[in-house]
Every structure is written in structure tokens, then in C-alpha cells.
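At position 439 of the sequence shown the residue is numbered 603 (mature numbering (1 follows the signal peptide of the UniProt record, and there is no 0)), and the sequence of numbers has no breaks.
Note that the Cβ used here is the ideal one computed from N, Cα and C, for glycine as well.
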Amino acid sequence: PHDFPIERPTQRLLVVANRLPVSATRRGDDWHLELSAGGLVSALLGVKQNFETRWIGWAGVNVPDESGQKTLAAALAENGCFPVFLDDVTVDQYYNGYCNNVLWPLFHYIGLPQEDRLAATRSLQSQFKAYKLANEMFANAVYSQYQDGDIVWCHDYHLMFLPKFLKEKNSRMKVGWFLHTPFPSSEIYRTLPLRSELLKAVLTADLIGFHTYDYARHFVSACTRILGVEGTPEGVEDQGKLTRVAAFPIGIDPQRFIEALETDVVKSHIQELRARFAGRKVMLGVDRLDMIKGIPQKLLAFEKFLEENIDWRDKVIFVQIAVPTRTDVYEYQRLTSQVHEIVGRINGKFGTLTTVPIHHLDRSLAFHELCAVYAITDVALVTSLRDGMNLVSYEFVACQTQKKGVLILSEFAGAAQSLGAGAILVNPWNVSDVAMSIEDALTMKEGERNERHRHNFMHVTTHTAQAWADTFVSELNDTIVEAELRTLR
Ligand code: G6P
165 PHDFPIERPT QRLLVVANRL PVSATRRGDD WHLELSAGGL VSALLGVKQN FETRWIGWAG
225 VNVPDESGQK TLAAALAENG CFPVFLDDVT VDQYYNGYCN NVLWPLFHYI GLPQEDRLAA
285 TRSLQSQFKA YKLANEMFAN AVYSQYQDGD IVWCHDYHLM FLPKFLKEKN SRMKVGWFLH
345 TPFPSSEIYR TLPLRSELLK AVLTADLIGF HTYDYARHFV SACTRILGVE GTPEGVEDQG
405 KLTRVAAFPI GIDPQRFIEA LETDVVKSHI QELRARFAGR KVMLGVDRLD MIKGIPQKLL
465 AFEKFLEENI DWRDKVIFVQ IAVPTRTDVY EYQRLTSQVH EIVGRINGKF GTLTTVPIHH
525 LDRSLAFHEL CAVYAITDVA LVTSLRDGMN LVSYEFVACQ TQKKGVLILS EFAGAAQSLG
585 AGAILVNPWN VSDVAMSIED ALTMKEGERN ERHRHNFMHV TTHTAQAWAD TFVSELNDTI
645 VEAELRTLR
């Protein structure tokens, strides 16, 4: 037996995403950093294995001066974050343009931009060029951190070229890529002008992950149809090289919500909200203000419900939290006006001197406020037209241990595949159907509510973000990199 423990070096995990988990604001010569509590952040905080995690991503702010870049990089490095600095033109062409005006709508079945969605100075070609260039900058940033034995996990549609650029730098690098949005049917995907280049770039990764089995299947059929490679139960095979493709459904950190409900600050918010909405049932929507969330459709369904159910008009309030996002993209600006117009119309039509049926906010809530509003809600409405997963539905379930409220969930959200048995599933395009589901949810008997909640709660508390990250990382760790295989042969 050994007298002293054997020191094993901690394996390092380099996580690369478009955005860093901290946002930076300049204050004179200093930087103020704030941790954003997104799903990915809490997932990776919990990766159980012995990993030292480093983040590489866009700083999220334009820092043209070298001294500013230096001080920001130093402040971020203390938090395990390493920034990529993108100038305004690149952000416009890469992030606003190719990522959010081309890939995002395409992957969510909205389709490619018509001429009017492409500003005059931007062509698909020039945006694609900027996209590749930005991906190359991310690759350089990763490479400057990389040490032998590290594993690299690339995230999302912003970084589809990253695996390729990384492998070109070092073919032994172990690289995973995960998509957080849907991957659409190959019939939609194949309309993309530069469809093959993107697929080939992604296929250089060692492991490719999606939230649902359907997205993985769509990806494999896009590869077989467009590239002529072979689809196997394991993934995609091209000239003897297998790229593993699989589904890894993400979750949340349920404990964080469950514990928050026990804190004094959340309890006092709950009391305040209960008093404020006394005598009325509360319906809730929490979304980024994005066209894929189906916010206009949800409002129209609520309007129809009020039209048809006169008795409910002063007995229900609908709280919609709409968090502004990608505000430089024209489509998002148009959506904001559209939503405001519908809210105004409904409140004008059904409001009284003392109250209005929709309480609409164009901002995010602090975490403790969010937990409180989840907890007092009777019916949550998630009506995404398409959504990679939708973790709002999971957060709502985690906060409903007391009330056991009802979740109305779009069948086009990835979460429908995991919470389908506990939620009322709807087609958000069918406004009458959603309106009827609102009535069913508001009048549902306690026994059925308990049973549905039990099912969802079980799922949310067992399929956690930590389990998701653990599974992906250990599977990536177990894959044998093609370059190693060649030396073994
Ligand atoms: C989605 C994407 C993420 C993105 C997030 C917020 O969930 O899959 O990659 O970070 O939206 O969008 P934003 O463009 O503000 O980063």
C-alpha cells in the first residue's frame, strides 16, 4: 500500500460559448462583473467529476482600446473566464446577422431571411464570412488556453465551425459540440445556401449532442442526404470515421429553486403577490421576447378565453414577463411593438377602472422575485412555436410544491418530450384549442393537478442540469479521438 496519495492532475474542461457566464460593465478604469445564472452556468458548476472548468466566450461589450481589453481580461481570468473581443462590425455581421437573422430563424422553422430581412449592406455571403472569422477568433482563444489532455466543449449554433478550426490546430484535441436549439428537419435545413460546409465543420467533432432524439435524427438525415455519408445508430460514418451523435436532454438545478422558496426574502415576496392578486387566479408567461416563444399567439388565446368566458373576466390575471433580447435585430423590434399593441388592445377591451387582465413587463425579474411569482401561479403558459428545450417549464414545476398548478406546454418545445404526461400539451397555432386548455387548466380538480404535478416534479428533480453535463462530459471523455485511433491501427 502507498503511504501517500498519488497526485493525479485535475483534468481541465474548456467550455466555449458565444457568451461568457459573466457580463461586464465598464466603470471608469475598472470593470464591474456580474454572474449570469443561465442554465449552462449552473449545469457546469455541478459537473461532479474532477474538472477544472475554464470558459471562453465573447466579452459581450465592445472594448476597442488595448488597455481596456487588458484590464477586462485580467478581471475575467480571476473568474476562470477568457474573453474573445469582437468589434462592432463583426458583432453586427456574425451575431446579429448570421447567427440571429439566419441560423436562429432557420433552425426554428421560420426559414431563411427574404431580401427585406437582409439589410442592404449585409449579404448572406458577407455574414457567412464574418461568422467563419468570428469562429476562427474563438478557436485562437481556445488554443491559447489549451493544454494536452484538456477536453473542449463547444456550445450552440454560433460556433458550428469551431470544431473544425480546433482540429486543424491539433487533431488530437478532444472536441464536443452541443446544440441548444432544435435541429430542423432536413427539408428545412437544406434550403441553407452553405449547408454542406457547416455540416462538414460540425462533423469534425468527436461527440455531437442535441436536446431530443428528434433533433439528433434530423441532423443525421441532413448529413446523409446532403453529404451522402452513412447514418448509423451510433451517429454518422464517413470513410470509416464515426462521429458519435446522441440526445442529451438538459435540465435545471432544481435545488436552487426549492431552497430559494424557503428563504425569508422569497416568502415575503410571495405574501405581497398573494395580497396583490387576492381573489383572482394567476396565469404566468416568462419568455425572452423572441418570435419563437409565440407570445402574440398566447395573448390571442387569452383574449379568446376572455371573450368566451365572461364570468372569468375579473377572476383571472395574466402576468407576462417578456425579457428583451437581441434588440439590434429588426425582427425583434417589430415583435416588441406587435406584443405591446395586442396587450394594449386586450387591456383596453377587458380592463376596468381598477384593474386590467394582463400585467405585462418588458424586463427580467430578480431571481427571488421570479421564484415567488412561479410559486403563486395557478397556470403557466408556454406556447413556443419552436424551442430547443424550454427550461421555464422546468423552473415552474420546481416551484410548485405547494400549489401544484397546471402547465400548458407547446408540443413544439423540446420539453414536451419529457413533461408531456404531466402538462396539457397544445398546438400554439390553434388559438381556440389553447383558449379551451386555459379553461381546463383553471378549472382542473385537485386530484388531477396533484397527479400531473407529481409526474413533472419527479422528472425535473431527477433529470438535472448537473446530470446532463456529467453525462455529456464523461461520454466525450470516453470517445477515442480519430487521430489516436489512427496511431493504434
Ligand atoms: C438561446 C440560445 C443561447 C443564447 C440565449 C440568449 O437559449 O440557445 O445560445 O445565449 O438564447 O440569447 P442571446 O442572443 O441574448 O445570447
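Query, Result
"Contact under 8 Å by Cβ, residue 514 with residue 602", "no"
"Distance CB(residue 324)-CB(residue 330) smaller than 8 Å", "no"
"Buried or exposed (CB count within 10 angstroms, at least 16 for buried), residue 333", "exposed"
"Simplified DSSP state of residue 481, which is helix, strand or coil", "strand"
"Classification of residue 384 by the beta-carbon crowding that lies within 10 angstroms, buried from 16 upward", "buried"
"Ligand 1 heavy atom lying under 7 Å from the CB of residue 552", "yes"
"Outcome for residue 340 when other beta-carbon atoms lying within 10 angstroms are tallied against a minimum of 16", "buried"
"Paired residues, beta bridge with residue 407 - DSSP", "400"
"Alpha-carbon to alpha-carbon, residue 539 and residue 557", "13 Å"
"Three-state secondary structure assigned by DSSP to residue 445", "strand"
"Rounded straight-line distance, which links the Cα of residue 599 to that of residue 566", "26 Å"
"DSSP three-state assignment for residue 641, whether helix, strand or coil", "helix"
"Integer Cβ distance of residue 568 from residue 498, believed to fall under 8 Å", "About 38 Å; that fails the 8 Å criterion."
"Residue 195 - partner residues in DSSP beta bridges", "190"
"The alpha helix (DSSP H) enclosing residue 563, as first and last residue numbers", "Taken as a continuous stretch (DSSP letters only), residue 563 belongs to no alpha helix (DSSP H), as it is neither H nor E."
"Where residue 165 sits in the DSSP three-state scheme", "Only weak support exists for where residue 165 lies, its pLDDT of 48 falling under 50; the value from the coordinates is given anyway. Residue state, collapsed to three classes: coil."
"Cα-Cα separation, residue 165 to residue 216", "For residue 165, the predicted model reports a pLDDT of 48, less than 50, meaning its position is unreliable; a value from the coordinates is still stated below. So the alpha carbons of these two residues sit roughly 29 Å apart."
"Backbone secondary structure at residue 338 - three-state DSSP", "strand"
"Span separating the alpha-carbon of residue 575 from that of residue 231", "50 Å"
"Buried/exposed call for residue 594, threshold 16 Cβ in 10 Å", "exposed"
"Neighbourhood of residue 520 by C-beta distance below 6 Å, restricted to the same chain and skipping five residues each side", "511"
"Sub-8 Å separation of residue 380 and residue 410 beta-carbons", "yes"
"Local conformation of residue 633 per DSSP, three classes", "helix"
"Any non-hydrogen atom of ligand 1 within 7 Å of residue 320 CB", "yes"
"Residue of 271, 302, 253, 243 minimising C-alpha distance to residue 221", "302"
"Pair within 8 Å by beta-carbon distance, residue 553 and residue 375", "yes"
"Alpha-carbon spacing of residue 268 relative to residue 548, whole angstroms", "14 Å"
"Beta-carbon gap between residue 197 and residue 243 smaller than 8 Å", "yes"
"In DSSP terms, what residue 425 is bridged to", "In DSSP, residue 425 forms no bridge with anything."
"Proximity test, residue 345 beta-carbon vs ligand 1 heavy atom, cut-off 7 Å", "yes"
"Supposed close pair residue 446, residue 541 - CB separation, criterion 8 Å", "5 Å"
"Closer than 7 Å: residue 490 CB and nearest ligand 1 heavy atom", "yes"
"Nearest to residue 261 (by Cα), restricted to the options 525, 240, 426, 294", "294"
"Burial state of residue 357 (16 or more Cβ within 10 Å)", "exposed"
"Counterpart residues of residue 216 in DSSP-defined beta bridges", "176"
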